[in-house]
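*Asks:* I am attaching a structure below and will ask some questions about it afterwards.
Protein chains in written order, with my numbering: chain R, 93 to 452; chain D, 93 to 452.
As structure tokens, then:
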């Protein structure tokens, strides 16, 4: 068996020790005689798995006690509806900072529920930076301010935390959660689809300050009502049990590696390997402002896009997969999540240099 | 390793060959160098897995071409909101047949969206039968008639198909889908959480006649809009890829065993082993009308409920787990889905006889 070097933006590469353990436990978890997939979500075995996963996530992110952790379904796009449904709390509208493809989807969905104020947008610059905070035209009556902390497609990431005062800050962290420490207390709500740094798709993690929930609008589906889910320990409906189990294994794995400080160091090293090379050549380019570059998703273009196919084919031949950029922007993209090794990124850069040498 | 005899109502026991294959492929699916969990949902590998799963499900259920098959998230309780959101189509209300705990949840959720007409209810008899069709007070202007084809908690199952004329019939088949052939063309919409006969929790299958979709109410979350999902091959958001893969393995497994006719024969044999004994003893009892008994979920009570704990402890000692009845009804419940063997049910009955002999 040869493992691919998988640069997919999500679902994405997972730590090999986690997969090995999942394989070993597939028919019999911990002497129970059952796969985790087969366990009643109300049984003592799964309740322990679920509680441990939550405890480890709380420890990794230092989540304050007045925040609920919910393990839900429906992905980031589901949350784009859940957030206004739950967090409008009688307000007419909310603020949005448009940083690219994901925020555009967030804004589009929010328009079904409330008045949308785009308080700042990076559209004029082709979504290659985070709008400077002093340019944000925030509405003091907004229900919340919604940002995407890392734009998976554009490769634009906040490396600072906006101070929105009394207005709760809501962040989509799908593609950079657990990549570095964050101060949860600065946010009213954080959500993340699991399929990048956490585990399988189909699990969505929501971390929400408990005073913000309990005022969902009447048409909110019960499974999307944070209060209902919080009151039932995320078991209002049957949770995605196997995905929670895998997420729990990933949390343990990150803890064993030293937690989020160690992850950040690891991720900074990897990103530097790739960005340093991109900055040293004119054969490839990355369009993002240096201070806003993502540590997780690195889009780049070949100077001569007629070479794209040859580049991808050569990569495939070296076991490097999923380097094609998102259809909305073209070019290439290397997603280098927690589970991607430094050696993996070094191998990519070595190939990029080799390709430049033979085609430059 | 000893596998448990797992009578859980869901998530539930899965076919061992499916789990073995999933374990073997965990680090490398089909030479791809990736776990299915790590694959981009837009990559050719997963698109093939997804298409094959849909094709096999269509073949197993003989799904007509004018029905869409959707692989969604949010479970049966999510569908209880999705159905009115999508299927009201300007109608004021819908009809509901109350057969127990699951329909009560369905009715409660529907009240958030429309006028609810409970056209028939089995409540007076303690939900131990399906109301006879000639007692149903259907509204000819109803948007649809909603039934639960198998009540997982009460153990009550329809063994016939209501003829609702021009009004679409909607059925929750979470706990009996794939247990026997059904005529899909008699239904407007079928939904099922995967975690009984199909695979891991977190996957919800919807089979819907295509002329019924496209008129969702304005507050419908996009991920819950059947038309949006149908137009995007269930990939409007990232689908629960690993759960779809396991479901696909289960579909192949059922096909290899002879399809749904073979499943029905297998399930009738198992159910007869258990019901025949329950009818032959007064030590245990099942309250459900004979013609409406579920082939999948068999609730039973001990005559002397003070023996419940001893019964469960003895079962546990023999590797039989999850026999405790649902908290809302008490007693015992044996869920005997497709993946439960005849031998498993025979072992349960042997233990029940032994327990009766020593405690009767």
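The C-beta atom is built at its ideal place from N, Cα and C for all residues, glycine as well.
Values in this document were obtained by computation on a predicted structure and should not be read as measured data.
#1: Is the beta carbon of residue 184(R) closer than 8 Å to that of residue 206(R)?
#2: Output, in chain order, the set of chain R residues within a Cβ distance shorter than 8 Å of residue 142(D).
#3: In chain D, which residues lie less than 8 Å from residue 96(R) when you measure between Cβ atoms?
#4: Determine the closest residue to residue 175(D) out of 127(D), 102(D), 199(D), with distance taken between C-alpha atoms.
#5: Scan the segment 293 to 327 of chain D for residues whose Cβ lies nearer than 9 Å to a Cβ of chain R and list them as they occur along the chain.
#6: Answer with yes or no whether the minimum CB distance from residue 231(R) to chain D is below 8 Å.
#7: Can you tell me where the alpha helix (DSSP H) holding residue 450(R) begins and where it ends?
#8: Determine whether the Cβ of residue 204(D) lies closer than 8 Å to any Cβ atom of chain R.
#9: Closer than 9 Å, Cβ to any Cβ of chain R: which residues of the segment 178 to 202 of chain D, in chain order?
#10: State the beta-bridge partners of residue 377(R) as determined by DSSP.
#11: So, do the segment 237 to 244 of chain D and the segment 253 to 266 of chain D have three or more beta carbon pairs nearer to each other than 8 Å?
#12: Cα separation between residue 279(R) and residue 158(R)?
#13: Within this structure, are the beta carbons of residue 350(D) and residue 145(D) separated by less than 8 Å?
#14: DSSP state of residue 473(D), grouped into three classes?
#15: Could one say the Cβ of residue 130(R) lies closer than 8 Å to chain D's Cβ atoms, at least one of them?
#16: Between residue 111(R) and chain D, is any beta-carbon pair separated by less than 8 Å?
#17: So with CB distances below 7 Å, who are the chain D contacts of residue 93(R)?
#18: Write down the C-beta distance between residue 165(D) and residue 298(D) rounded to the nearest angstrom, noting that I regard them as a contact closer than 8 Å.
#19: Among 410(D), 419(D), 423(D), 412(D), which has the Cα closest to the Cα of residue 398(D)?
#20: Tell me which residue opens and which closes the alpha helix (DSSP H) that residue 355(R) is part of.
#21: Between the C-alpha atoms of residue 135(D) and residue 128(D), what's the straight-line distance to the nearest angstrom?
#22: Checking contacts by CB at 8 Å: is residue 330(D) closer than that to chain R?
#23: Is residue 452(R) buried or exposed, if buried means 16 or more other CB atoms sit within 10 Å of its CB?
#24: Bridge partners for residue 238(D) per DSSP, in chain order?
#25: Could you check where the beta strand (DSSP E) with residue 424(D) kicks off and where it finishes?
#26: Residue 225(D): which of 214(D), 355(D), 233(D) sits nearest, CA to CA?
#27: Return yes when the Cβ of residue 230(R) is within less than 8 Å of the Cβ of residue 268(R), no when it is not.
#28: Counting only beta-carbon atoms, is residue 287(R) nearer than 8 Å to chain D?
#29: Mind checking residue 94(R): buried by the 16 CB within 10 Å criterion, or exposed?
#30: Is it buried or exposed for residue 465(R), if we count other Cβ within 10 angstroms and need 16 for buried?
#31: Can you tell me whether residue 251(R) is buried or exposed? The criterion is at least 16 other CB atoms within 10 Å of its CB, across all chains shown.
#32: Is residue 261(D) near residue 179(D), with beta carbons less than 8 Å apart?
#33: Could you pull out every residue in the same chain whose Cβ sits closer than 8 Å to the Cβ of residue 438(D), ignoring the five residues on either side in sequence?
#34: Give the interface partners of residue 348(D) over in chain R, defined as CB-CB distance under 9 Å, in chain order.
#35: Comparing alpha-carbon positions, which option in 154(D), 337(D), 264(D), 195(D) lies nearest residue 117(D)?
#36: Helix, strand or coil for residue 164(D)? Go by DSSP, reduced to three states.
*Replies:* Looking at the coordinates:
#1: Yes; because the gap between Cβ atoms is below 8 Å, this pair is in contact.
#2: By Cβ distance, chain R contributes nothing, its closest Cβ being about 12 Å from residue 142(D), past 8 Å.
#3: 124, 125, 126
#4: Ranked by Cα distance from residue 175(D), the first of 127(D), 102(D), 199(D) is 199(D).
#5: 293, 294, 295, 296, 309, 310, 311, 312, 313, 314, 315, 316
#6: For residue 231(R), the answer is no, since every Cβ of chain D falls outside 8 Å of its Cβ.
#7: For residue 450(R), the enclosing alpha helix (DSSP H) covers residues 434 to 451.
#8: yes
#9: For chain R, the residues of the segment 178 to 202 of chain D that bring a beta carbon within less than 9 Å of one of its beta carbons are 197, 200, 201, in chain order.
#10: 393(R)
#11: yes
#12: Taking the straight line joining both Cα atoms gives about 12 Å.
#13: no
#14: What is shown of chain D runs 93 to 452, which leaves residue 473(D) out entirely.
#15: yes
#16: At a cut-off of 8 Å between beta carbons, residue 111(R) contacts chain D.
#17: Listed along chain D are 119, 120, each with a C-beta nearer than 7 Å to that of residue 93(R).
#18: Residue 165(D) to residue 298(D), Cβ: 11 Å. No contact.
#19: The residue with the shortest Cα to Cα distance from residue 398(D) is 423(D).
#20: 351 to 372
#21: Approximately 11 Å, taken between the alpha carbons.
#22: yes
#23: exposed
#24: 188(D), 262(D)
#25: In the DSSP assignment, residue 424(D) falls within the beta strand (DSSP E) that extends over 424 to 427.
#26: 214(D)
#27: no
#28: yes
#29: exposed
#30: Nothing can be reported for residue 465(R): it is not among the residues displayed for chain R, which extend from 93 to 452.
#31: Looking at its Cβ environment, which holds fewer than 16 other Cβ atoms inside 10 Å, residue 251(R) is exposed.
#32: no
#33: 365
#34: In chain order: nothing, as chain R lies at least about 19 Å away.
#35: The shortest Cα separation from residue 117(D) among 154(D), 337(D), 264(D), 195(D) belongs to 337(D).
#36: strand
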